[in-house]
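There are 6 protein chains.
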Amino acid sequence: MQKTIYVINPNSNPVVTAGIETAIARLRVAGGPAIECLTLAAGPLGIQSQYDVESVVLPLLELTRKLQPTAAAIVLACFSDPGLHAVREAMAQPAPMPVPVLGICESAALTALSMGGRFGVIAIMPTSIPRHLRNWGTMGILDRLAGEESIGMSVAELATGASTLERMIAAGQRLRDVKGADVIIMGCAGMAQFRAPLEQALGIPVVEPSQAATAMALGRALLHWHGGV
Amino acid sequence: MQKTIYVINPNSNPVVTAGIETAIARLRVAGGPAIECLTLAAGPLGIQSQYDVESVVLPLLELTRKLQPTAAAIVLACFSDPGLHAVREAMAQPAPMPVPVLGICESAALTALSMGGRFGVIAIMPTSIPRHLRNWGTMGILDRLAGEESIGMSVAELATGASTLERMIAAGQRLRDVKGADVIIMGCAGMAQFRAPLEQALGIPVVEPSQAATAMALGRALLHWHGGV
Amino acid sequence: MQKTIYVINPNSNPVVTAGIETAIARLRVAGGPAIECLTLAAGPLGIQSQYDVESVVLPLLELTRKLQPTAAAIVLACFSDPGLHAVREAMAQPAPMPVPVLGICESAALTALSMGGRFGVIAIMPTSIPRHLRNWGTMGILDRLAGEESIGMSVAELATGASTLERMIAAGQRLRDVKGADVIIMGCAGMAQFRAPLEQALGIPVVEPSQAATAMALGRALLHWHGGV
Amino acid sequence: MQKTIYVINPNSNPVVTAGIETAIARLRVAGGPAIECLTLAAGPLGIQSQYDVESVVLPLLELTRKLQPTAAAIVLACFSDPGLHAVREAMAQPAPMPVPVLGICESAALTALSMGGRFGVIAIMPTSIPRHLRNWGTMGILDRLAGEESIGMSVAELATGASTLERMIAAGQRLRDVKGADVIIMGCAGMAQFRAPLEQALGIPVVEPSQAATAMALGRALLHWHGGV
Amino acid sequence: MQKTIYVINPNSNPVVTAGIETAIARLRVAGGPAIECLTLAAGPLGIQSQYDVESVVLPLLELTRKLQPTAAAIVLACFSDPGLHAVREAMAQPAPMPVPVLGICESAALTALSMGGRFGVIAIMPTSIPRHLRNWGTMGILDRLAGEESIGMSVAELATGASTLERMIAAGQRLRDVKGADVIIMGCAGMAQFRAPLEQALGIPVVEPSQAATAMALGRALLHWHGGV
Amino acid sequence: MQKTIYVINPNSNPVVTAGIETAIARLRVAGGPAIECLTLAAGPLGIQSQYDVESVVLPLLELTRKLQPTAAAIVLACFSDPGLHAVREAMAQPAPMPVPVLGICESAALTALSMGGRFGVIAIMPTSIPRHLRNWGTMGILDRLAGEESIGMSVAELATGASTLERMIAAGQRLRDVKGADVIIMGCAGMAQFRAPLEQALGIPVVEPSQAATAMALGRALLHWHGGV
């Protein structure tokens with residue numbers, strides 16, 4: 248049976264899922280696994296608070312347990328990596344078969360570390376930044392962080408706000424010019440559509456996190472590497 | 248024109264190249280880029296000293312400059328990542344087009360960070376360890392290192408030594424049980440053939456570095472992400 | 248109205264709550280706030296897996312929201328600090344009044360840092376250790392960690408196992424003699440009863456985490472310091 | 248015999264001692280230990296240079312040895328934590344009984360780590376900052392430091408300077424807005440009276456170090472935890 | 248036989264060698280070893296790219312092997328420390344005798360750490376900075392780095408540019424005032440002549456790297472300490 | 248006037264001073280500054296406790312102030328670097344002229360960082376180790392520390408104990424073989440006489456701290472570099 252990489256948007260916003268869908272399209276290749284983007288029906292419209300993060304963990308566990316028999320890999324497509332270690336723990340069980348689990352925040356950072364010396368992060372809200380900083384500490388990669396800048400927009404506003412790209416460029420410029428970043432991570436799955444123009448405007452590499460994680464998932468799926476907890 | 252991921256073995260040992268060839272075979276997929284494994288004719292039989300590392304840098308630059316017009320990505324398949332930043336610098340030039348460059352040491356570590364909490368490294372020689380430690384420091388990921396253990400064999404001995412796997416398992420057990428590693432990196436491209444039995448013996452994930460780097464290269468190639476210096 | 252420090256045992260094991268009750272008794276003083284120990288009815292019998300951790304977060308949020316009007320402070324008395332940042336976020340809301348929230352893992356470490364140069368941790372299960380390490384990374388205090396040793400017992404077994412203290416002493420000796428710890432943290436609220444004999448056996452300070460957190464909560468309550476998210 | 252927490256101001260400025268006295272008043276509770284604030288007669292009017300720090304160490308040792316028989320805990324109330332480890336060493340002797348020793352700088356930082364993600368410090372003089380940085384390095388918590396800003400006033404000027412609060416607010420705003428602090432530490436015992444208005448002006452938690460240390464001392468005294476060197 | 252400290256300028260620019268010659272003159276003392284400054288004929292006019300760095304490694308190895316029989320110590324006088332570990336490896340061989348090898352970047356940093364709390368670096372080009380940052384990571388001293396500022400001049404322009412000193416002072420002021428440096432490292436051997444006026448303008452210590460390394464070499468030569476790889 | 252490097256033994260043990268005298272003899276060169284070894288009369292026979300450290304600070308300040316007019320540099324020859332920052336502060340005053348101040352612990356570490364990848368330290372007493380660890384934290388170089396081992400001897404016993412060298416070799420072997428040190432620091436000025444045999448027994452570089460600091464002082468004196476606080 249052909250297995251599938253499931254890319255799960257933990258918020259219930261179909262516009263965000265559609266953006267992820269477009270972003271990862273190039274990773275679908277004839278000889279590779281299927282890649283399916285799903286929306287977590289139980290999720291909030293945007294994951295912006297710590298509460299939002301916690302609220303999707305059990306639903307994600309329930310969904311991923313159902314997907315496990317047909318899963319080549321699981322991608323959790325929210326930049327807060329909600330439930331990452333719990334889903335890994337669940338998917339590590341050997342029956343029917345362990346499944347690799349990638350978080351888009353972790354994967355974006357690991358990818359950025361191969362593209363520049365110091366990474367900068369464009370966050371949606373100022374309140375996102377302490378959460379991100381805790382994560383870089385957990386990952387042990389703070390020495391490579393140039394800094395973070397927020398654009399002050401909710402997940403919902405990202406798509407529709409006329410000024411989204413403009414604000415992202417301004418944030419990216421501060422990260423590049425003031426804080427010394429030479430690679431930029433877009434800190435929200437909802438920013439996916441802006442990768443190309445942002446990279447062009449800044450002249451340094453820009454990592455779209457859902458692409459980063461799905462690419463890692465593709466490698467793991469092809470290699471049959473299931474990984475640990 | 249279909250482009251190619253070039254996986255370059257910087258030593259001139261065709262046995263090592265053949266092992267890499269086998270290891271990355273699964274990453275060749277219909278619809279994906281071609282993947283070609285090359286042996287650097289100018290390289291020594293094994294890269295074991297700092298001199299060996301330095302001796303291959305200019306030849307690697309010369310070779311990669313020739314490959315650039317047809318390259319989807321370049322993988323430097325020696326665990327010392329010889330010339331990584333120089334090759335990146337050369338391949339970042341915009342004519343004809345920037346090419347992503349992955350080192351197998353860097354890529355192995357970045358992959359391991361998504362598979363466990365603390366990584367252990369099986370080194371070939373005791374003298375390899377200080378070189379690796381410098382690299383983990385450069386990468387800023389020392390907090391995630393459990394430790395290193397060497398098996399005391401040259402690159403050439405790896406393939407033929409009857410006791411290679413046995414020594415690798417013993418080293419892996421020390422890393423897992425004494426130093427607390429929950430993911431293992433094989434610290435030499437010449438160890439590729441031992442990944443599966445080693446993983447089975449240890450019961451924790453084992454990262455084969457050429458696979459890790461080629462998988463990352465595949466993602467970069469499919470996404471047309473060229474990355475920085 | 249006299250307010251209360253609520254010390255919440257997120258598992259549903261009344262034996263553990265009773266042990267906490269005994270441990271924090273000395274912190275009830277005339278003129279100070281009331282201190283009440285609660286058991287989270289919705290919790291599992293012991294919090295041992297990442298799933299267990301995640302499963303109690305929403306129930307903890309629901310309970311603490313109810314307690315907020317009468318709370319002087321909240322102590323989350325599980326060494327995984329489940330939901331710590333979500334509860335802080337919820338309790339930071341100004342109506343009726345922000346409430347300080349302490350996690351026993353974080354508080355134990357902060358207290359240990361004032362009692363010795365390098366802290367060692369006695370964990371219940373080997374699988375607890377990676378979770379703890381992530382937390383020390385999040386807190387940015389890995390340079391002060393001597394190491395961790397597990398005793399291989401579930402939360403339920405702790406209380407009844409005849410060999411619990413014996414194993415804890417052996418683990419503490421390894422932390423002290425091999426890994427260089429000069430202060431020990433007991434890595435589970437269910438170990439509370441063993442603090443005194445363990446300290447006597449080891450001859451170095453031993454931190455009981457529920458005591459550490461409740462003591463910090465007492466200070467915060469008396470000072471009317473509500474703290475941040 | 249009822250024991251006493253001694254809060255020692257190592258400078259000889261009674262205005263500073265009076266400020267500490269007011270600050271810690273809420274920590275005196277009917278059922279708790281007595282808390283007595285003392286002024287070190289031998290100290291300089293303000294501790295501003297490294298010489299000042301060193302000059303009070305032996306007098307502090309002499310004083311604390313005298314206080315030991317009646318001490319529940321000792322608080323060294325100068326932000327340079329003068330002689331902290333020497334006093335701990337002296338008070339750890341078992342006759343008549345080991346006494347916990349808290350420094351206000353160390354305690355302020357440990358408290359701040361439970362109140363925010365990154366702490367900023369308001370220093371009195373620019374020359375204070377390198378001394379503080381050495382201390383954060385000693386404590387191993389530099390990853391949590393947002394930065395320091397000085398107000399350019401001596402200890403003596405703090406109390407009387409009409410512009411003290413104004414300068415502290417400006418420094419706090421730079422720490423919050425430019426350097427990303429979400430919790431502020433007041434870097435001098437002589438700033439105690441400004442905690443409430445500063446916190447109100449900044450809208451993020453502000454730690455007064457003498458309060459932080461005395462609160463920790465209270466917990467240690469109630470729990471009969473004597474701690475290490 | 249009287250041995251000689253060889254200070255090798257890896258670029259082929261005699262103006263730079265002359266500057267080094269002047270800078271280290273005071274380290275020639277009666278009773279001490281001879282000190283000879285050499286220009287690597289095979290080097291480029293300035294070492295500015297990663298390619299430039301790599302291009303001089305084998306020529307440096309060849310030259311130092313020739314010098315070994317008469318060498319008291321070797322100083323590699325380029326701020327990129329090209330081939331440092333390879334030359335150390337070569338010079339550690341016991342025949343005729345191991346020779347200490349110092350790089351001016353490493354030595355400048357080690358010296359600066361004894362002269363201030365946080366060091367700032369004046370780089371020639373913006374592209375030099377990521378290379379330097381990798382080196383501070385390799386050395387494990389990033390916690391002591393205040394920051395880097397570039398003056399945007401090539402090695403060749405340094406000597407002749409009328410505005411060189413002016414730009415260095417401006418960079419030094421930003422490092423001191425904005426980034427908190429209290430000691431400055433001049434990040435290129437070609438800046439040697441500007442040490443005194445720069446130090447006078449900034450009022451904080453300025454480290455000239457060739458002097459720093461040659462001074463360390465002098466100590467090693469006098470003590471007959473040969474050191475490791 | 249010819250100035251003098253003063254190497255001050257802060258303990259009052261003339262045997263230790265004599266050992267330092269012998270150790271630094273090679274650094275006296277015809278054209279260099281005089282080097283004079285002094286014994287601090289007010290010091291204890293050995294500096295072993297934190298109290299011992301603190302007790303010599305003011306006497307050292309008094310002595311160094313007297314020496315300042317004729318000092319080319321000051322070396323504080325106790326491995327606890329007592330009063331290092333206070334003496335630096337005092338000697339930085341511009342009248343008559345700033346004088347560089349080196350501590351032997353700091354200098355030994357900075358020297359070791361140029362001789363190996365990970366340094367190990369042989370401490371006299373187990374209680375010395377936490378003090379050293381605080382210092383490596385202050386210096387920000389913990390990532391380069393392999394570990395410490397004590398030999399359980401007082402300063403006084405070092406010289407006379409028949410087993411001193413034997414214990415040092417055993418400690419050095421544990422540091423090299425178990426903890427991965429490739430350079431060893433002797434953690435007491437009183438060990439000076441054992442450098443050569445220890446280095447021969449271990450086969451890796453051994454740093455004698457008084458030599459390391461005096462060598463750095465010689466460089467600073469010759470270069471007229473006065474340095475910072």
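Protein chains in written order, with the numbering used here: chain S, 248 to 476; chain A, 248 to 476; chain Z, 248 to 476; chain B, 248 to 476; chain Y, 248 to 476; chain C, 248 to 476.
A virtual CB, placed ideally from N, CA and C, is assigned to each residue, including glycine.
Note that this is a predicted model, so its numbers are computed, not measured.
| query | result |
| --- | --- |
| Just to confirm, are valine 430/Z and methionine 386/Z a CB contact at a threshold of 8 Å? | no |
| Are isoleucine 252/S and threonine 407/S closer than 8 Å when you measure CB to CB? | no |
| May I have a chain-ordered list of the beta strand (DSSP E) segments no shorter than 3 residues that lie completely inside the region 325-409 of chain C? | 348-350, 366-370 and 392-397 |
| Once the 5 residues before and after phenylalanine 441/B are set aside, which same chain residues still bring their CB inside 8 Å of it? | Thr411, Leu412, Met415 and Met433 |
| What residues in the region 266-298 of chain C have a beta carbon less than 7 Å from any beta carbon of chain Y? | Arg273, Leu274, Val276, Ala277, Gly278 and Gly279 |
| Is there contact here, the region 346-354 of chain B with the region 315-332 of chain B, by at least three beta-carbon pairs under 8 Å? | yes |
| Interface residues of chain B around leucine 308/C at Cβ under 8 Å? | Tyr298 and Glu301 |
| Below 9 Å on C-beta distance, what does serine 354/C contact in chain Y? | Ser361 |
| Going along the chain, which residues of its own chain have a beta-carbon closer than 6 Å to the beta-carbon of alanine 270/S, five neighbours each way excluded? | Ala439, Glu455, Ser457 and Gln458 |
| Taking buried to mean at least 16 other C-beta atoms within 10 Å of its own C-beta, is proline 347/Y buried or exposed? | buried |
| In chain order, what residues of the region 359-387 of chain Z put their CB closer than 9 Å to some CB of chain A? | Ile376, Pro377, Arg378, Leu380, Arg381 and Gly384 |
| Of all Cβ atoms in chain A, is any one closer than 8 Å to the Cβ of leucine 389/Z? | yes |
| Give, in chain order, every residue of the region 415-440 of chain Z whose Cβ lies closer than 8 Å to some Cβ of chain C. | Gly427 and Asp429 |
| Identify whether glutamate 455/Y lies in helix, strand or coil by the three-state DSSP scheme. | coil |
| Rounded to the nearest angstrom, what separates histidine 379/B and threonine 264/S at their Cα positions? | 48 Å |
| Taking the C-alpha atoms as reference points, what is the distance between leucine 357/Y and alanine 464/A? | 38 Å |
| Looking at the structure shown, is isoleucine 294/A part of a helix, part of a strand, or coil, going by DSSP? | coil |
| When the Cα atoms are used, what is the spatial distance from arginine 312/A to alanine 339/A? | 11 Å |
| Return yes when the Cβ of leucine 360/Y is within less than 8 Å of the Cβ of isoleucine 388/Y, no when it is not. | yes |
| Three Cβ pairs or more, each shorter than 8 Å: is that satisfied between the region 294-310 of chain C and the region 266-280 of chain C? | no |
| Could you tell me whether the Cβ atoms of tyrosine 298/C and alanine 333/B are closer together than 8 Å? | yes |
| Under a CB-based cut-off of 8 Å, is valine 348/Z close to chain S? | no |
| Given that a residue counts as buried once 16 or more other Cβ atoms are within 10 Å of its Cβ, and exposed if not, what is valine 425/Z? | exposed |
| When the Cα atoms are used, what is the spatial distance from arginine 381/Z to arginine 467/Y? | 43 Å |
| Which runs of the alpha helix (DSSP H) spanning at least 4 residues fall entirely within the region 408-470 of chain C, listed in chain order? | 411-424, 442-449 and 456-470 |
| With a CB to CB cut of under 6 Å and the five nearest residues on each side skipped, what residues in its chain are close to alanine 448/Z? | Ile416 |
| Roughly how many angstroms lie between the CA atoms of glutamine 295/A and proline 291/S, to the nearest whole one? | 54 Å |
| Just the chain F side, please: which residues come within less than 9 Å of alanine 462/S by C-beta, in chain order? | Looking for chain F here will not work: the only protein chains present are S, A, Z, B, Y and C. |
| Under 8 Å between beta-carbons, which chain B residues line up against leucine 357/Z? List them in chain order, please. | Leu357, Thr358, Leu360 and Ser361 |
| Under 8 Å Cβ to Cβ from asparagine 256/Y, same chain only, skipping five residues before and after it: list those, please. | Val263, Thr264, Ile267, Cys284, Leu285, Thr286, Leu287, Gly290, Ala324, Cys325 and Ala436 |
| Could you check which residue in Gly367/B, Ala409/B and Gly427/B has the C-alpha nearest to that of alanine 393/S? | Gly427/B |
| Would you verify that the beta carbon of proline 452/Y is, or is not, closer than 8 Å to some beta carbon of chain C? | yes |
| Tell me which residues share the same chain as glutamate 556/B and place their Cβ nearer than 7 Å to its Cβ, disregarding the 5 neighbours each side in the sequence. | The displayed coordinates of chain B run from 248 to 476. Any statement about residue 556/B would go beyond what the structure contains. |
| Going by DSSP in three states, valine 322/S sits in which element: helix, strand or coil? | strand |
| Name the chain A residues whose beta carbon is nearer than 7 Å to that of glutamine 458/S? | Leu470 |
| With respect to the beta strand (DSSP E) encompassing leucine 287/B, which residues constitute its N-terminal and C-terminal limits? | Note, leucine 287/B: premise wrong, no beta strand (DSSP E); not H, not E. |
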